[in-house]
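In terms of the working numbering, the sequence shown opens at residue 122 and continues consecutively.
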Amino acid sequence: MHSFLLFERVFKKTSPNCKLTVYLGKRDFVDHLDHVDPVDGVILVEPEYLKDRK
Numbered sequence: 122m123h124s125f126l127l128f129e130r131v132f133k134k135t136s137p138n139c140k141l142t143v144y145l146g147k148r149d150f151v152d153h154l155d156h157v158d159p160v161d162g163v164i165l166v167e168p169e170y171l172k173d174r175k
């Protein structure tokens, strides 16, 4: 039986206060003037940071 491992690079950027982290599948996005490449990613916000905010 063969098993295959697939790896994808994920780019991570964290705010200076460490309350917001962005994970992106690619680092570069192209503006084609009439559209921009889709952005695939995840945003992680610390719940305590949102506590008293709208």
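Beta carbons are placed, not taken as given, at the ideal position from N, Cα and C, and that holds for glycine.
For clarity, every value in this text was computed on a predicted model and none was experimentally measured.
Apart from sequence neighbours up to five positions away, the residues of its chain that approach Val166 with a beta-carbon distance below 6 Å are Leu141, ordered along the chain. Per the coordinates, the alpha-carbon of Thr135 lies some 37 Å from the alpha-carbon of His123.
Looking at the DSSP output, Phe132 bridges to Leu145. The beta carbon of Leu145 sits closer than 6 Å to the beta carbons of Phe132 and Gly162 from its chain, once the five residues preceding and following it are set aside; these are given in chain order.
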